[in-house]
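Q: Next up is a structure, given as structure tokens.
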Amino acid sequence: MTEHGNMHFTTSNEQISELLKQVGVIADLGSMAALADWDQQTGMPEGASEVRAHQMATLQGLIHERVTDPRGGELLAALEDVVKQQEYTDADRGLVYQARRSYDQATKLPRDMVEEMERVRVKSFDAWVKARQHNDFASFSPWLQRTVEFQREIADRFGYKECRYDALLDLYEPELTASRVDVLFAPVREVSASVLKRIQESGKKVDTSILSQSFPIEKQQEVNKRLLEGMGYDFNRGQIAVSAHPFTTSFGSPLDVRLTTRYDEKNLPWSIMSSLHEGGHAVYEQGCAPSLLRTPLANGASMGVHESQSRLWENAIGRSEAFWRGQFPALQSAFPEQFQGVDATTFAYALNNVEPSLIRTEADEVTYNLHIIIRFEIERALINGDIAVESLPSLWNAKYKEYLGVVPPTDSLGVLQDVHWASGFGYFPSYTLGNLYGAQIYSTLRSKFPDFDARLEQGDTRFALTWLQEHMYVYGAAFKPANLLKRIVGEEADPGYFVRYLTEKFSKIYDL
1 MTEHGNMHFT TSNEQISELL KQVGVIADLG SMAALADWDQ QTGMPEGASE
51 VRAHQMATLQ GLIHERVTDP RGGELLAALE DVVKQQEYTD ADRGLVYQAR
101 RSYDQATKLP RDMVEEMERV RVKSFDAWVK ARQHNDFASF SPWLQRTVEF
151 QREIADRFGY KECRYDALLD LYEPELTASR VDVLFAPVRE VSASVLKRIQ
201 ESGKKVDTSI LSQSFPIEKQ QEVNKRLLEG MGYDFNRGQI AVSAHPFTTS
251 FGSPLDVRLT TRYDEKNLPW SIMSSLHEGG HAVYEQGCAP SLLRTPLANG
301 ASMGVHESQS RLWENAIGRS EAFWRGQFPA LQSAFPEQFQ GVDATTFAYA
351 LNNVEPSLIR TEADEVTYNL HIIIRFEIER ALINGDIAVE SLPSLWNAKY
401 KEYLGVVPPT DSLGVLQDVH WASGFGYFPS YTLGNLYGAQ IYSTLRSKFP
451 DFDARLEQGD TRFALTWLQE HMYVYGAAFK PANLLKRIVG EEADPGYFVR
501 YLTEKFSKIY DL
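Under UniProt numbering, the first residue of the sequence shown is numbered 1, with each subsequent residue one higher.
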């Protein structure tokens with residue numbers, strides 16, 4: 001045993017040592033692909049997309065060749081029963097499980113298909129950026145159609161029990177099905193709609209005037225860096241950049257975890273909340289045991305589990321009054337004129353203003369999951385062949401009117417707002433799953449630390465980070481998401497925690 005429990009590998013077993021060498025090379029190639037993708041989204045010249053598409057296709061082809069190496073299959077077949085024995089570690093079992101998943105998935109896809117998908121992905125991203133800039137869905141539509149066709153073929157090759165979309169969900173949340181998503185999301189849809197209705201009927205308004213000012217970007221950058229450092233993000237193992245859509249990438253290692261945000265001088269919450277959101281992803285990745293370096297375990301357990309941390313840090317902690325009582329002096333120091341005579345409560349309440357809006361990433365906690373449910377319903381129907389790509393703008397607008405009572409005036413503010421469909425489908429449910437898991441983990445944190453709010457008011461968040469590192473982050477992807485959640489909170493996913501969290505929080509803010 002090490003200080004990381006059993007997050008070490010039994011290298012005395014020659015087959016595990018050989019498997020580690022194989023996955024190490026795959027991890028290195030994957031890291032180079034991630035680095036190229038980081039460059040594309042943060043600094044690559046616009047005219048370089050054509051050659052980058054070929055570079056990425058070559059890398060993915062090499063990765064596919066390594067993952068499907070028959071020797072890897074032989075090692076996995078030999079180890080699957082062996083690692084079940086008591087003398088082997090959870091890291092050993094996680095390694096074999098994750099390597100088996102990758103091997104089984106990759107061997108069902110031909111290399112030329114993998115390479116072509118990557119070329120399409122890179123060009124599709126470039127087409128999406130331009131389409132959003134020019135409000136031109138028609139220019140993006142052919143690329144989206146190709147992506148949809150690839151995704152349908154992947155699902156058919158992988159196989160599924162209930163519907164084609166399940167195969168894509170499994171890529172992000174192992175063993176999850178659309179029918180299970182329906183069950184988990186039903187209480188979320190109900191509470192989101194009911195709390196929104198109660199807020200609207202109450203007639204109470206939250207004062208957001210303090211946010212309608214100019215906030216110099218260089219000062220926003222200073223604030224974000226301080227907030228990230230305060231929550232435990234290590235800049236010696238990471239950096240922050242700017243991109244059209246904020247994201248985090250780890251290059252398969254806790255030693256290099258980078259994030260991006262975006263800035264608008266007239267919109268301070270944009271950068272602050274996206275930095276806290278991506279910071280949640282980043283501290284999770286940085287918290288993986290160093291012993292998992294260059295293995296498929298040096299990541300989060302699933303995208304739903306990953307989003308539990310981004311949503312926990314952004315919302316449950318980062319939008320709380322207690323948090324801003326501890327952090328507001330630094331904000332006032334950066335923006336003394338803008339926040340003269342303003343207190344932390346007023347600022348925190350402004351961050352929690354509830355109002356149906358067009359943009360998912362700017363949505364409040366009450367309406368956010370309705371944005372996700374819309375996307376889930378659309379992409380499930382699209383992959384299952386129930387709707388056509390050409391119908392997406394009108395269908396999108398109709399669902400926004402139905403669920404949120406707003407209609408996007410342009411496709412840039414509607415169906416083109418998210419980057420995700422430029423690369424694939426099945427990811428969006430992860431955000432609401434993250435809210436559900438995050439609410440349970442948040443409840444556990446508060447039970448472990450009865451003085452939770454008092455600590456936040458003193459500017460301390462490291463206690464929460466330390467607990468999460470010891471009980472969650474250190475394990476990386478060694479456990480299936482359902483098993484990891486049970487280790488953390490002692491039970492299965494239960495949307496009731498999120499229902500209570502949302503109801504109690506906004507009943508207080510709006511005197512419901």
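Even glycine gets a Cβ: it sits at the ideal position worked out from N, Cα and C.
Helix, strand or coil: how does DSSP classify Leu259 here?
A: Along the sequence shown, one-based indexing puts residue 259 at 259. Here Leu259 sits in strand by DSSP.
Q: What residue from Trp396, Pro336, Ala322 and Leu79 has the CA that sits closest to Arg360's CA?
A: Locating residue 360 in the sequence shown gives position 360, where the first residue counts as 1. Of the listed residues, the one whose Cα sits closest to Arg360 is Trp396.
Q: Where do the ends of the beta strand (DSSP E) carrying Ala99 lie?
A: Counting from one through the sequence shown, the residue named residue 99 turns up at place 99. No beta strand (DSSP E) contains Ala99, which is instead part of the alpha helix (DSSP H) from Asp90 to Ala106.
Q: Who are the near neighbours of Ala330 in its chain, counting only those whose CB is closer than 6 Å to its CB and skipping five residues on each side?
A: Here the question's residue 330 lines up with position 330 in the sequence shown. Correct list, in chain order: Arg226.
Q: Is the stretch 373-392 touching the stretch 220-236 in the sense that three or more CB pairs, one from each, lie closer than 8 Å?
A: In short, these stretches do not touch, since the Cβ pair count stays below three.
Q: Out of Lys486, Asp511, Glu470 and Tyr427, which one is the CA nearest neighbour of Tyr172?
A: Position 172 of the sequence shown holds residue 172. Checked all of Lys486, Asp511, Glu470 and Tyr427; the closest Cα to Tyr172 is Tyr427.
Q: Could you check whether the stretch 456-464 touches the stretch 275-286, counting it as contact only if at least three pairs of C-beta atoms, one from each stretch, sit closer than 8 Å?
A: The stretch 456-464, when compared against the stretch 275-286, does not touch it at the 8 Å Cβ threshold.
Q: Taking the alpha-carbon positions, what's the Phe137 to Leu35 distance?
A: Taking the first residue of the sequence shown as position 1, residue 137 is located at position 137. Taking the first residue of the sequence shown as position 1, residue 35 is located at position 35. Cα to Cα, the separation comes out at about 29 Å.
Q: Given a threshold of 16 other Cβ atoms within 10 Å of its Cβ, counted over all protein chains shown, does Gln145 qualify as buried or as exposed?
A: Walking along the sequence shown from the start, residue 145 turns up at place 145. So Gln145 ends up on the exposed side.
Q: Buried or exposed for Asn483, going by 16 or more other Cβ atoms inside 10 Å?
A: If you number the sequence shown from 1, residue 483 lands on position 483. By the 10 Å Cβ count, Asn483 comes out exposed.
Q: Which same chain residues, not among the five before or five after Leu109, have their C-beta less than 8 Å away from its C-beta?
A: The residue you call residue 109 lines up with position 109 of the sequence shown. Once the five neighbours on either side are set aside, the close Cβ partners of Leu109 are His64, Ile154 and Arg157.
Q: If you draw a straight line from the alpha carbon of Asp264 to that of Gln85, how long is it in whole angstroms?
A: Residue 264 sits at position 264 when you count from the first residue of the sequence shown. Residue 85 sits at position 85 when you count from the first residue of the sequence shown. Near 55 Å, if we compare the C-alpha coordinates of Gln85 and Asp264.
Q: Go ahead and pull the three-state DSSP assignment for Ala289.
A: What you label residue 289 is simply residue 289 of the sequence shown in a count that begins at 1. Three-state result, Ala289: coil.
Q: Which first and last residues belong to the beta strand (DSSP E) in which Ile240 is found?
A: In the sequence shown, counting from the first residue as 1, residue 240 sits at position 240. That run of the beta strand (DSSP E) goes Ile240 to Val242.
Q: What are the boundary residues of the alpha helix (DSSP H) that Ala454 is part of?
A: Numbered from its first residue, the sequence shown carries residue 454 at position 454. Counting along the chain, the alpha helix (DSSP H) containing Ala454 begins and ends at Phe452 to Glu457.
Q: Work out the CA separation of Met117 and Arg71 for me, nearest whole Å.
A: Your numbering for residue 71 matches position 71 in the sequence shown. Your numbering for residue 117 matches position 117 in the sequence shown. Whole-angstrom Cα-Cα distance: 26 Å.
Q: Mind pulling the alpha helix (DSSP H) runs of 4 or more residues that sit fully within the stretch 270-354?
A: Whole alpha helix (DSSP H) segments, 4+ residues: 303-311, 321-334 and 344-351.
Q: Using DSSP's beta-bridge definition, name the partner residues of Thr249.
A: As a first step, residue 249 must be located in the sequence shown, where it is residue number 249. Answer is Arg258.
Q: For the alpha helix (DSSP H) that Tyr403 lies in, which residues bound it at each end?
A: The residue labelled residue 403 in the question sits at position 403 within the sequence shown. Looking at the DSSP string, the run of the alpha helix (DSSP H) that includes Tyr403 is Leu392 to Leu404.
Q: Are the beta-carbon atoms belonging to Ile383 and Tyr88 less than 8 Å from one another?
A: Here the question's residue 383 lines up with position 383 in the sequence shown. Here the question's residue 88 lines up with position 88 in the sequence shown. No, these two residues do not count as a Cβ contact at 8 Å.
Q: Keeping to the same chain, check which residues put their C-beta closer than 6 Å to that of Asn315; ignore five residues upstream and five downstream.
A: Taking the first residue of the sequence shown as 1, we reach residue 315 at position 315. Around Asn315: Glu365.
Q: Give the C-beta separation of Gly238 and Gln286 to the nearest angstrom, bearing in mind that I take them to be a contact with Cβ-Cβ under 8 Å.
A: The residue given as residue 238 occupies position 238 in the sequence shown. The residue given as residue 286 occupies position 286 in the sequence shown. Gly238 to Gln286, Cβ: 7 Å. Contact.
Q: To the nearest angstrom, how far is the alpha carbon of Ala57 from that of Ala33?
A: Position 57 of the sequence shown holds residue 57. Position 33 of the sequence shown holds residue 33. Rounded to the nearest angstrom, the two C-alpha atoms are 9 Å apart.
Q: According to DSSP, is Ile199 part of a helix, a strand, or is it coil?
A: On the sequence shown, residue 199 is found 199 positions in, with the first residue counted as 1. Helix at Ile199.
Q: Using only CA atoms, which one of Ser139, Leu297 and Leu211 lies nearest to Gly24?
A: As a working note, residue 24 is residue 24 in the sequence shown. The shortest Cα separation from Gly24 among Ser139, Leu297 and Leu211 belongs to Leu297.
Q: Does the distance from the CB of Ala422 to the CB of Phe125 come in under 8 Å?
A: Indexing the sequence shown from 1 puts residue 422 at position 422. Indexing the sequence shown from 1 puts residue 125 at position 125. A contact, by the Cβ cut-off of 8 Å.
Q: Would the stretch 387-402 and the stretch 324-343 be scored as touching if the rule is three or more Cβ pairs under 8 Å?
A: They do not touch, by the three-pair rule.
Q: Between Thr367 and Ser17, what straight-line distance do the alpha-carbon atoms span, to the nearest angstrom?
A: Taking the first residue of the sequence shown as position 1, residue 367 is located at position 367. Taking the first residue of the sequence shown as position 1, residue 17 is located at position 17. Spanning the two alpha carbons is a distance of roughly 49 Å.
Q: Just tell me which of Tyr497, Glu362 and Leu59 has its CA closest to the CA of Val246.
A: Working through the sequence shown from its first residue, we reach residue 246 at position 246. Inspection of the sequence shows that residue 246 is occupied by Pro rather than by Val. Cα-wise, what sits closest to Pro246 is Glu362.
Q: Would you mind sorting Gly496 into buried or exposed? The rule is 16 or more other CB atoms within 10 Å of its CB.
A: For this step, residue 496 is matched to residue 496 along the sequence shown. Classification of Gly496: exposed, given that the 10 Å Cβ count is below 16.
Q: Evaluate Ala464 with the Cβ neighbour count: other Cβ atoms within 10 Å of its Cβ, from every protein chain shown; 16 or more gives buried, anything less gives exposed.
A: As a first step, residue 464 is located in the sequence shown; it is residue number 464 there, counting from the start. With 16 or more other Cβ atoms within 10 Å, it is buried.
Q: Return the chain-ordered list of same chain residues with a C-beta closer than 6 Å to the C-beta of Ile272, the five sequence neighbours on each side being excluded.
A: Residue numbering aside, residue 272 sits at position 272 when the sequence shown is read from its first letter. Result list for Ile272: empty, nothing under 6 Å.
Q: Starting from Thr503, follow the alpha helix (DSSP H) in both directions and report where the run begins and ends.
A: In the sequence shown, residue 503 corresponds to position 503, counting from 1. Thr503 -> alpha helix (DSSP H) spans Gly496 to Ile509.
Q: May I ask which residues mark the beginning and end of the alpha helix (DSSP H) holding Gly24?
A: Against the sequence shown, residue 24 aligns to sequence position 24. Its alpha helix (DSSP H) spans residues Glu14 to Thr42.
Q: For Ala322, which option in Phe339, Thr346, Gln340 and Gly341 has the closest C-alpha, if you only look at C-alpha atoms?
A: Against the sequence shown, residue 322 aligns to sequence position 322. Closest by alpha carbon: Thr346.
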